[in-house]
Amino acid sequence: MSQPSVLLIESDQHLAQQVSLDLTQSGYHVTVVSHGEQAPSKFEELQPSLVVIDQAQFGDKGLTLSRQLRGNNHPVLILLLMSRDTVGDRAACLEAGADDYTLLPYQTDSFLQLVHLYLQPATSTPEQLQFSDLALDLSHRCAYRNGRKIELTVKEFELLKYLMSHPRQVLTREEILDNVWEDNHGGESNVIEVYVRYLRIKIEQGGQKRLIQTVRGVGYVLRES
């Protein structure tokens, strides 16, 4: 079976060579694009499994490019290389349709760990989780509520999966960080609030009742009231 292809959008030649070498040595097929304007056509040509965008180099243009690629009919994972890790940066990452991010300066081990996590072959799992009128399709990594399809980023999917695997159970922020973010959260819990907010926007569209409840000072719980 052929390895997934990766489209790397990176204007820093030295960093592009390093990231490309790391991915190639890990068995991925890598194509590097140094100018953002070239990315959409190359994306259409390659139909990659993963796109890596250096948002630190391209700034707002990198976020715009992420939105543009996310709007394409081809499903793709999008990772951003970011220089800062504030709540605002995380929100911008989500708003741009990216699945996740890794911080610069570039570290081979942490970057490849994230790539392997997202591109590892799917394992056999139950096809669906159900809570109230919300269903989570584990095979296609999307949700449905009253028949309405809800597209999810990878991290949104993992968070919702964890909540739906423990219905009506109060989950602490530490438990969520350890199980959804593992070692990639740096001990900060603000990232959970960002993702919960965007999950709620998607799940509660059209005025549907809230299912992800906040337990002040503790964490979150999936329940109807």
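If you read the sequence shown in the working numbering, its first letter stands for residue 3, the second for the next number, and so on. C-beta: ideal position from N, C-alpha, C; glycine also.
Asked                                                                                                                                                      : Found
Less than 8 Å between the beta carbons of Glu158 and Tyr200, yes or no?                                                                                    : yes
Going straight from the alpha carbon of Glu12 to that of Thr104, what length do you get?                                                                   : 14 Å
From Gly221 to Asp102, what does the alpha carbon distance come to, in whole angstroms?                                                                    : 22 Å
According to DSSP, is Gln308 helix, strand or coil?                                                                                                        : Residue 308 lies beyond the range of the chain shown here (3 to 227); nothing can be said about it.
Does Leu114 come out as helix, strand or coil in the three-state DSSP assignment?                                                                          : helix
Is the beta carbon of Val53 within less than 7 Å of some heavy atom of the ligand GDP?                                                                     : No copy of the ligand GDP appears in this structure; indeed no ligand is present at all.
Return the residue from the list Gly29, Pro107 and Leu162 that minimises the CA-CA distance to Gln132.                                                     : Leu162
Would a C-beta distance cut-off of 8 Å place Leu83 and Ala58 closer than the cut-off?                                                                      : yes
How would you call Thr155, buried or exposed, if buried means at least 16 neighbouring beta carbons within 10 angstroms?                                   : buried
Using C-beta distances below 8 Å, list every residue in its chain close to Asp24, excluding the 5 sequence neighbours before and after it, in chain order. : Thr110, Phe113 and Leu114
Checking the sheet assignment: what are the DSSP bridge partners for Thr26?                                                                                : None, per the DSSP bridge assignment.
Let me know the alpha helix (DSSP H) ranges lying completely inside the region 135 to 188, each 4 residues or longer, listed in chain order.               : 156 to 166 and 175 to 178
Suppose contacts are defined by Cβ-Cβ distances below 8 Å. Is Glu9 in contact with Phe45 by that definition?                                               : Sequence check: residue 9 is Leu here, not Glu. In contact: Leu9 and Phe45 (Cβ atoms closer than 8 Å).
Residues bridged to Ser7 by DSSP?                                                                                                                          : His31
For Leu213, does the three-state DSSP call read helix, strand or coil?                                                                                     : coil
Note down the Cα distance separating Leu37 from Arg218, rounded to an integer number of angstroms.                                                         : According to the sequence displayed, residue 37 carries His and not Leu. Going from the Cα of His37 to the Cα of Arg218 covers about 46 Å.
My output table needs one value for Asp56: the three-state DSSP class, helix, strand or coil.                                                              : strand
Could you give the distance in angstroms between the alpha-carbon of Met166 and the alpha-carbon of Ser51?                                                 : 27 Å
What does the alpha-carbon distance come out to for the pair Ser68 and Val35?                                                                              : 14 Å
Between the Cα of Val107 and those of Val21, Arg143, Gly73 and Ile178, spot the shortest distance and give me the residue it belongs to.                   : At residue 107 the sequence reads Pro, which differs from the Val that was named. Cα-wise, what sits closest to Pro107 is Val21.
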